[in-house]
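Here the structure is laid out as structure tokens; the discussion comes afterwards.
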Amino acid sequence: MRPDAAQGKARRRRLNIRTGLGIAAAIVLTMVLSLGWMLGRQIHMLDSAWTDNTQWTLAQLELENAIFARDVMAEVASDTPDIDGLKLRFDIMVSRLGLVRSGEIGRSLREHPEVPRLLTFIDAYVEEVDRLLAGEVDRAALREVYEATLEVQAHKRDLSLNGLDILAEEAEAHRHEVRRQAEFTALAGGLLLILLGALLRLIDVQRRRVMERDRVLSQTAERLASVIGSSLDAIVVVDHEGSITEFNPAAEEIFGWRKEEVMGRPVFETIVPTDRRAAFAERIRNFLRLGKGELIGAGRLELSAQRRDGEVFPIEAVLTSVDGPKGPLFIGYMRDITDLKASQSRLIDARDAAERADRAKSRFLAVMSHEMRTPLNGIMGVLDLLETTDLDADQRRQVGVALASAEILLQLVNESLDITRIETGEEKVETLPFAPGPMLQRLLSVLRPLAAEKDLPLELEADEADLGTWYAGDPNRVAQVITNLIGNAIKFTERGSITVRLTLGAAGLDIEVRDTGIGIAPQDIEKVFAEFVSRARPEGRQGRSDGLGLAISRRLARLMGGDIIVQSSPGKGSVFRLELPLQRVPPPLDTPEPNAIVPVTESARLSILVIEDNAVNRMVLRGMLQKFGHAVSEAQNGQKGVERLKAESFDLVLMDFEMPVMGGIDATRAIRETLPADRQPPIIGLTAHGSVSARAAGLGAGMSEVYAKPLRLPVLRRVLAEFEGSAAVPDAQAGHAAPRPEPAARAEPEAGLIDIDDFDEMAEMLGAEQLARALERFEAEWREAEPRLVGDAPAEDSVAALAHKLRGGAAMLGMSKPVETLGEMERRAPPLFERGEIGRLDCQITRTLDVARRRLAALETEAVGS
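Position one of the sequence shown corresponds to residue 3 (my numbering), numbered consecutively onward.
As structure tokens, this is what we get:
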């Protein structure tokens, strides 16, 4: 639950409690007043004497009647009767009767069943006497009055007695009422006491809670004050007007101000840098107006602050806001990161130094690779040519030893680059079908001459049925690892034998290299896989290690999803087992390539231009190409090669990368930019660097493919096989050479120019026909945009917008290389692009479209075959 929600709930709970207490107090007060009023009324009723008066009035009726009868008789006997006095007494008696009729007693008497009858007699008597006294009053009239008075005497007595009975009943009822009222008063008083007790208990509980809350708040305030006071971070609180209301000791230490100096002063006049004060004040105003700000609640921020002496320094700050009594309060938690920034700067410098050292190492390895590959190219090329000649057995053995040694030397050069590639994640493994059995047979045939120099038998153990089994993996990497393991076995075995055993399974393969050499102690087994680590022997001879070989081998094995397991006993030998989880695949339908060199037919003969500055390499390439039956021309550098291509047409160009005057990259660009499309030959780049970046540079410049030196005879055979049979033939009608179709694209250029996965997914989603139309639409868009990019045609949009549009279309089609080039052009966005740059892009897009269409055709063929 959020703190503000919890505080709101607590406030509502306290308000409900206060409301309940107020209502209870009002109820108690009402009951107290009601009981007081009822008690007062009862006391008043008890204090009143109306009952006694009524009883006296009823008793007086009979008495007054007797007195009146006596007076009447007295006036009869008198000689001068006092008639007026007699009338007065009669009126007094009648008025007494009126008192009985009115009031509470009159109401009660009228409700008695006998009283109305008695009152009727009495009323008749009053009327009769009033009539007699109204006229001439003589003695006869007085006697009638007397007789009537005596007659009504009994009725008045009955009325008096009935009245007394009624009064007795009402008195009893009143006593019951008083008792009930007293009981209710007692009950109400009890309830009032209970309510008062509960109210007092509630008040006591609330008092205790208030005291506990005050204690907790006091402790919290003390802890908060302690935290603020002891915090290593500066804590500054600012009110809605920007004035400082809190400034802890850490803030004093960081900013150089004392608390009493800054309290109440605007924060932007004390710790905000001068050039940012206006912006800070504006941010506070915006927050007050909008209720939100850019920095408030944005998490950790890196800002600048100013000390008292004017020094501006970096801080890490967290800014929050809370509700205050008069408006929002802004709280800043700040930390001086001057030392941290200095440490980061030192780390960055150290990282840059390490990266410079790593780049220097990579440059050294690249230079070493180049300088060693160049002579190796000549050595291995000459040996390949020499092996095709007529040699006796001893000469062939010597050539085999020389080739094996050269291949091991080439492998060491490659491994020096592999370690860097694997560390940087550049090294990739391929997935190609290969047969492990024949591959091992070829490796052993190459390495047997080295083993024979030490009289060591090198044999392969494998089931005959396994020799024809194929797997999907990287045959070159597998061969590299096995070559390392066998080379190690030859190196550290003085007597005995070396055996390579192949074991195939459904989930992968195991290749064991078993030797009878010096062996390895158990504690040293893992050490032999370290780089440039050797286990010293007591007698001073070389221990078990080969520099980078085993380190590279294990890394390659793990890169392929497997590993190398070692079992060894000192003095008895070692077993290195390569375990690879590879998937078994059916053998391909292709026939194996022949070992012998067979010259091509005249129709397949190529005219090839070799552009190479090294005379030995030119001689080797010329000898290899002439062995295959092709026509060879030479140029010593890129500039001369471009001039030859402008003057003559060639079916294929073999282009070295590094040459004087003009290198291979620049020469390729010049060829692609200057020669017409029907005279542009395929260009195969040859580099001694063998790096991924070198291949990417060559493909980006317009080369058809790039190969690392030395270019071995089998590799050259496969390269030429793609172009043989497609050379230009005379056109009898036109009288000139017809354009030669482009060679079939290999897997490598497809991977460089298009994203195979994206392209295949698009083909599956759209279908071949739709994707083919999409490629045509993109090509049409490119042809339309090409003149606009250089200013030859008016454009509605900028060149950056055109590049962006083309880049989006290329990305949808999986054309990764044009996407990269167009993206770089879009970022630069000049007013117009140079013609040379657009020419190179046109060549790249043309090649990419060609690769994409061939890939689409291959996918259609696969779909039909399946």
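Glycine residues also receive a C-beta, built at the ideal position from the N, C-alpha and C atoms.
Name the two residues that bound the continuous alpha helix (DSSP H) containing residue i.
{"i": "residue 670", "result": "666-676"}
{"i": "residue 316", "result": "Where residue 316 is concerned, there is no enclosing alpha helix (DSSP H), although the beta strand (DSSP E) it sits in stretches over 314-325."}
{"i": "residue 458", "result": "Here residue 458 belongs to no alpha helix (DSSP H), and DSSP marks it neither H nor E."}
{"i": "residue 555", "result": "551-561"}
{"i": "residue 715", "result": "715-723"}
{"i": "residue 819", "result": "818-830"}
{"i": "residue 263", "result": "261-264"}
{"i": "residue 283", "result": "279-292"}
How is residue i classed by DSSP in three states: helix, strand or coil?
{"i": "residue 569", "result": "strand"}
{"i": "residue 710", "result": "strand"}
{"i": "residue 578", "result": "strand"}
{"i": "residue 802", "result": "helix"}
{"i": "residue 336", "result": "strand"}
{"i": "residue 731", "result": "Interpretation of residue 731 is limited by its pLDDT of 35, a score under 50 that renders its predicted location unreliable; the figure taken from the coordinates is listed afterwards. DSSP places residue 731 in coil when its eight states are reduced to three."}
{"i": "residue 150", "result": "helix"}
{"i": "residue 397", "result": "helix"}
{"i": "residue 139", "result": "coil"}
{"i": "residue 695", "result": "helix"}
{"i": "residue 445", "result": "helix"}
{"i": "residue 80", "result": "coil"}
{"i": "residue 657", "result": "strand"}
{"i": "residue 249", "result": "strand"}
{"i": "residue 118", "result": "helix"}
{"i": "residue 815", "result": "coil"}
{"i": "residue 834", "result": "coil"}
{"i": "residue 789", "result": "helix"}
{"i": "residue 268", "result": "strand"}
{"i": "residue 440", "result": "helix"}
{"i": "residue 796", "result": "coil"}
Got a sec, what are the start and stop residues for the beta strand (DSSP E) residue i sits in?
{"i": "residue 687", "result": "685-689"}
{"i": "residue 238", "result": "236-240"}
{"i": "residue 435", "result": "434-436"}
{"i": "residue 307", "result": "303-308"}
Would you tell me roughly how many angstroms separate the C-alpha atoms of residue i and residue j, rounded to the nearest one?
{"i": "residue 667", "j": "residue 321", "result": "56 Å"}
{"i": "residue 523", "j": "residue 556", "result": "19 Å"}
{"i": "residue 411", "j": "residue 690", "result": "14 Å"}
{"i": "residue 436", "j": "residue 408", "result": "24 Å"}
{"i": "residue 278", "j": "residue 349", "result": "30 Å"}
{"i": "residue 569", "j": "residue 444", "result": "26 Å"}
{"i": "residue 144", "j": "residue 159", "result": "22 Å"}
{"i": "residue 629", "j": "residue 394", "result": "20 Å"}
{"i": "residue 854", "j": "residue 761", "result": "8 Å"}
{"i": "residue 388", "j": "residue 661", "result": "27 Å"}
{"i": "residue 485", "j": "residue 491", "result": "10 Å"}
{"i": "residue 72", "j": "residue 184", "result": "49 Å"}
{"i": "residue 502", "j": "residue 513", "result": "7 Å"}
{"i": "residue 308", "j": "residue 354", "result": "31 Å"}
{"i": "residue 316", "j": "residue 303", "result": "10 Å"}
{"i": "residue 356", "j": "residue 374", "result": "26 Å"}
{"i": "residue 441", "j": "residue 624", "result": "29 Å"}
Ordered along the chain, which non-local residues of its own chain (more than five positions away) have a Cβ less than 7 Å from that of residue i?
{"i": "residue 805", "result": "824, 827 and 828"}
{"i": "residue 234", "result": "252"}
{"i": "residue 150", "result": "127, 130 and 131"}
{"i": "residue 146", "result": "134"}
{"i": "residue 765", "result": "773, 858 and 861"}
{"i": "residue 787", "result": "804 and 808"}
{"i": "residue 96", "result": "128"}
Near residue i, which residues of its chain fall below 6 Å by C-beta distance, leaving aside the five closest residues on each side in sequence?
{"i": "residue 685", "result": "655, 657, 670, 705 and 706"}
{"i": "residue 386", "result": "715"}
{"i": "residue 700", "result": "687 and 708"}
Considering only residues of the same chain and omitting the five flanking positions on each side of residue i, which have a CB-CB separation below 8 Å?
{"i": "residue 216", "result": "none"}
{"i": "residue 870", "result": "Outside the shown range of the chain (3 to 868) lies residue 870, about which nothing can therefore be said."}
{"i": "residue 674", "result": "682, 703, 704, 841, 842 and 845"}
With a threshold of 8 Å between beta carbons, is residue i in contact with chain B?
{"i": "residue 198", "result": "The structure shown contains no chain B, having only a single protein chain."}
Exercise for review: Report the residue ranges of all alpha helix (DSSP H) runs contained in full by the segment 460-517; include only those spanning at least 4 residues, in chain order.
Suggested key: 477-493
Point to revise | Unbroken stretches of the beta strand (DSSP E), 3 residues or longer, contained in the segment 584-642 | key: Look at the segment 584-642 and you find these whole runs of beta strand (DSSP E), each 3 residues long or longer: 585-587, 609-613 and 633-637.
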